[in-house]
Amino acid sequence: MPMIYVDGQELEVVQGENILEACLNAGLDLPYFCWHPAMGSIGSCRQCAVVQYQNEEDTKGRIVMGCMTAVSEGARFSLKAENATEFREAVVESLMLNHPHDCPVCAEGGECHLQDMTVMVGHRDRRYTGKKNTYRNQYLGPLIHHEMNRCIACYRCERYYRDYAGGKDLGVQASHDHLYFGRHEEGVLESEFSGNLVEVCPTGVFTDKPFLKQYSRKWDLQSAPSICQGCAVGCNIAPGERYGKVKRVHNRYNNEVNGYFICDRGRFGSGYLNSDLRLDYAGIKNPDGSFFAVHQQQALDTAAGWMAGKKVAAIGSPRASIEANYLLRELVGAKNFASGFSDQEAELMASIANILQTTKAVNPSIKQIESADAVLILGEDVTNTAPRVALALRQSVRNKAFELAEQMELPAWQDAAVRNLAQDQRSPMTIVSAIDTRLDDVASICVSLAPDDIAAFGYAVAAALSGESTDNPQADAAAQMLKAAKNPLIVSGSSMAHQGVINSAVAVADALDKATSMLSFCVPECNSLGLALMVADGSGSSLSGLAKRASKLDALIILENDVYRRGDKSQIDQLLASGTKVITLDMVENSTLDQSDLVMAAASYAESQGTLVSSEGRAQRFYPVHSPAAERLPSWQWLLRLASVTGHKKLSKLQNFDQIVAACAESNPLFSGLLDVAPLNSFRDRGSKIPRQTHRYSGRTAMNSGVSVHEPQQPKDHESPLSYSMEGLNRDQPSSLMPFVWSPGWNSNQSLQKFQSEVDGPLKGGPSGVRLISSSLQGADISRQIDKVTLKAHQWHLVPMQQIHGSDELSAHTDEIAELAGRGFIAIGQKVAEKLAVTEGDGLLVKQGEIECSLEVRILSRVAKNCIGYSVGYLETQGLTAGSLVTLEADKSWQRSGPEMIASDKAAFEQVISDGGASNV
Amino acid sequence: MLSELRTMWEVLKHTFTKAETVQYPEEMPYLAPRYRGRIVLTRDPDGEERCVACNLCAAVCPVDCIALQKDTREDGTWYPEFFRINFSRCIMCGMCEEACPTYAIQLTPDFEMCEYDRQNMVYEKEHLLIDGVGKYPDYNFYRVSGMKTASKDKGEAINEARPIDTKSLLP
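Spelled out as structure tokens, the structure:
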């Protein structure tokens, strides 16, 4: 490794990195704006200037940009040289010429990279007396607030949004000191990853709009390490709470999983936590159907009375933690435990869980997905089913560019040069799907096929890989592409609800027979895989099986699960309305709760701890951000107490969370890794717990004084090594216990680099999470049978379409997400639309057996023959089943919805009017 | 011996000097406007609340006795939804006044705040907000800030140029 000299100090640096990275790695504070570890250097802000000397005798040197200068053996630099410091100060001074006097009313204030850098370079007094440039703002949708005056033209937003996330509707306009970063006209940002602009922007141009409505400064937020519950990817997040409300969700760096970015569902989809639909108290149903609130103990005693000596069954949940599901399963016995998946989903998840343990291919982390140089996607719209994976797939097509750059000896961080070199050359990606996907723009081949044919296509690729001849040139091309790749990746998943698609993906992966080949499945919910592993022995009951013997049951316990989303209505009605006492634990009102006899108010993920298993098989722990409000209890505590009230032999011996984890790890060899997921409750750093609050946390003696001036003791957390306090150090602890990032002089999220062992590298606290399952050498044993469905005339194949906003049960209760989700819809191709004589926005009657839905029409560019898509998880499409055959006819009585005026639109609309026209500038 | 006599002389001498004792409360002492007493929230010259809920006073408060929550008016300007000072904790250090970027929070020469019940020492916004500008008659933060408000458009703040037309090619 080369040695360089910085201000006389000898530094051992990594070959190929730049001076900025080398300085940050060495712990030196060198200011920067435009450089970002995930996006490389473009040298546009001129902030990381250092002086480079020719040799030892050279005392004058010359100014170079740290981010654009590669290290070389024996090179000499100075950060402290007077001309370098003066230069850097001058740069900030000139950025400040037009920066508005906004800090007190800017949501970035207190975590602003521009503030930090200004202080770091020592700029204080404004000398320029001229006028400041101003800009008009744009309405960018319900998630992002735009305040263009604050821009310092670092280009980070544009580079992130277009180059990194593949967005098309945000860019830079005009020239010289008139640069404008925004859309061509006002409107909702299209990208599913727009929320990251908030963290990417070094100042307050793009801020979190929902957070702005209930804003608190970063230093006032109580944060905890958490795991996103929006989908199965398991992104690490850090939600922040104040005054009992979860105010915002920030990305929490995990080198192997989400890195620096999360999707908009993850960032903005937690608004339901503060919604009026949340349950605060346990309740028992009155004969008239209403509930009356009871104390926790009363609820437990009632439940115990219904359970004692009776036949009790239970339904688990793929959105509840491993621990809660484990307790429930032990409480009623494995035989009486239904996983809580729908029957269709249970089968798919069981097969995925089995495949992941038997296939030869590696189940990749997101970091590994980014390294793929050829991708085959079978039947999955990854952007909507596992959004963060889709962002990684977008990076994977750039491997071609990096390969070319390597040939030219161009460092990968020379972002503009690498992109210029590669132009439109990308690593190959083949997408086989029924309906167009959001990754189509980077795919080399897109094939539109019905689900059965997707499976057949997969088998054809597998056959081609094993040297057989196929009559499918596209499959041959896909096979060639995978064969030529170093790190081929196959992505599939359960969203098509088609076993054949999953099996064919495995067939391809196993036919590849490479140690580096990867196979990734998108699964539906945050703990789907964990639950599937738990019931992998097949001893449990299915939902329909439970419904059949419902009349024989005395009591049924349902854990955090709206079972009406899991099966058809008549079946669930039979299950819940058969005289069985139904005990439900949940946090948000839903149809299942309405049918229950006893409801226990469960704490949300922000109020409880637990372990989730991501689609990668990675078990990760989430911790409570604040203590449960009102009389809510974490589900695992409800169940533990219920076990003790009912005198359950095994469970009543368990006292705390760590013991549950230990018992759970012991119960199943697959779960033995759970013990290492996070430190035990007894973990202390220098004798203290890890503080959830920053050392500047304000208002402690006034927050509650409105109620009583006698200050209560801080809530105690008896179950985790984190405390609800500002005492202790947030430094050097294991990564799974990192509640927020902050370092002296670095108040913004850029302080993350002080927690990384090297720039863009793993955290100093080691890896976070444990992989429970790994691939094997035997290869998966799968059936290659496809039961082809024959369509009658005028029949269509119903293909499920997952939506990032709207398909997820809980996040859809968030106002902003609901606004973006819109209404349920049916998606058809142009030809079908012509045939049925409908246009976009018209209504279609969809008949599936006895179920009839009237849905809005969306016309898509790429729809497979005889297929139509429908939005999954929407109220309007409840009852429709994936894969079923339906008939269509135009709905004559359909009322087209006019452009809906929403509050935020209205403001923007009025602004446009007052500005005298549609011009936004 | 000499020392003792000298001491007695010094003490007795004070019999003939003017008494420093003030007959408080009948006689009120003079307190300068900069005296650090009861805290108030002031209004700008236009009569609007000056506080923009930036939270800097709360952050700087050494006894953490200020708590507030930001809210937004229809025109996008910030104001505190609630603003609470627990005077039973306040040490009248004046750091909040120094930190305030809008001259909203000011300390006044009033120290007579005793209460029989400690709960009455908790002041909410309606107790703190006065109908005046306090010590700084002219300042209005939103006239300087770049934000668009109900009373001024973009580019109309002090020292601001008209909004840029990004479609123009002129230099």
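Residue numbers (this note's numbering), protein chains in the order written: chain A, 23 to 943; chain B, 342 to 512.
No residue lacks a Cβ here, since even glycine has one placed at the ideal position from N, Cα and C.
Since we're looking at a predicted model, the values are computed, not measured.
Distance between residue j and residue i (C-alpha atoms, nearest Å)
i, j, result
"T861 (chain A)", "V885 (chain A)", "15 Å"
"A940 (chain A)", "H200 (chain A)", "In this predicted model, A940 (chain A) has a pLDDT of only 39, less than 50, meaning its place in the structure is not dependable enough to derive any value."
"A815 (chain A)", "G209 (chain A)", "42 Å"
"V384 (chain A)", "L794 (chain A)", "13 Å"
"V401 (chain B)", "L409 (chain B)", "13 Å"
"L301 (chain A)", "A396 (chain A)", "47 Å"
"S364 (chain A)", "A625 (chain A)", "24 Å"
"G30 (chain A)", "C223 (chain A)", "34 Å"
"G865 (chain A)", "E878 (chain A)", "5 Å"
"G331 (chain A)", "K603 (chain A)", "14 Å"
"L774 (chain A)", "P766 (chain A)", "12 Å"
"P370 (chain B)", "P247 (chain A)", "56 Å"
"R377 (chain B)", "C437 (chain B)", "11 Å"
"L662 (chain A)", "M329 (chain A)", "15 Å"
"R184 (chain A)", "G204 (chain A)", "12 Å"
Contact set between residue i and chain B, taken where Cβ atoms lie within less than 7 Å
i, result
"N721 (chain A)", "A quick correction: the sequence has Gly, not Asn, at residue 721 (chain A). Near G721 (chain A) (Cβ distances below 7 Å), the residues of chain B are A399, D405, I407, A408."
"S727 (chain A)", "R425, N427, V463"
"P122 (chain A)", "S486, G487"
"V731 (chain A)", "N427, S429, R459, Q460, M462, V463"
Contacts of residue i in chain B (Cβ-Cβ under 9 Å)
i, result
"W768 (chain A)", "Result: empty, since nearest Cβ-Cβ is about 17 Å, beyond 9 Å."
"W241 (chain A)", "N396, A400"
For residue i, the three-state DSSP class (helix, strand or coil)
i, result
"T492 (chain A)", "coil"
"I432 (chain B)", "coil"
"D230 (chain A)", "strand"
"C889 (chain A)", "strand"
"C875 (chain A)", "strand"
"S710 (chain A)", "strand"
"L866 (chain A)", "strand"
"W57 (chain A)", "coil"
"T156 (chain A)", "strand"
"Y719 (chain A)", "coil"
"P512 (chain B)", "coil"
"D242 (chain A)", "helix"
"K267 (chain A)", "strand"
"P979 (chain A)", "This structure gives no information on residue 979 (chain A), because the portion of chain A shown stretches from 23 to 943."
"W435 (chain A)", "coil"
Interface partners of residue i on chain A, CB under 9 Å
i, result
"T449 (chain B)", "Under the 9 Å cutoff, chain A gives no residues; its nearest Cβ is about 19 Å from T449 (chain B)."
"G435 (chain B)", "Neighbours of G435 (chain B) on chain A: none; closest Cβ ~17 Å, over 9 Å."
"P442 (chain B)", "H123, C125, P126"
Where residue i meets chain A, residues with beta-carbon distance less than 8 Å
i, result
"P504 (chain B)", "T156, Y157, R158, V943"
"T383 (chain B)", "Those do not exist, as T383 (chain B) stays about 15 Å from chain A at its closest Cβ, beyond 8 Å."
Residue i, buried or exposed, once every other Cβ within 10 Å from all chains shown has been counted against 16
i, result
"I579 (chain A)", "buried"
"C455 (chain B)", "exposed"
"G487 (chain B)", "buried"
"G788 (chain A)", "exposed"
"L353 (chain B)", "exposed"
"V363 (chain B)", "exposed"
"N752 (chain A)", "buried"
"P366 (chain B)", "exposed"
"A855 (chain A)", "buried"
"A336 (chain A)", "buried"
"H717 (chain A)", "exposed"
Any non-hydrogen atom of the ligand FAD within 7 Å of residue i CB
i, result
"L33 (chain A)", "Looking at this structure, you won't find the ligand FAD or any other ligand, since it has none at all."
DSSP beta-bridge partners of residue i
i, result
"L33 (chain A)", "A:I26"
"A624 (chain A)", "A:L655"
"W818 (chain A)", "A:V908"
"A315 (chain A)", "A:G305"
"E390 (chain B)", "B:R384"
Neighbour list for residue i in chain A, Cβ cutoff strictly below 7 Å
i, result
"T507 (chain B)", "Q195, A196, H200, Y202, V943"
"E501 (chain B)", "K153, K154, T156"
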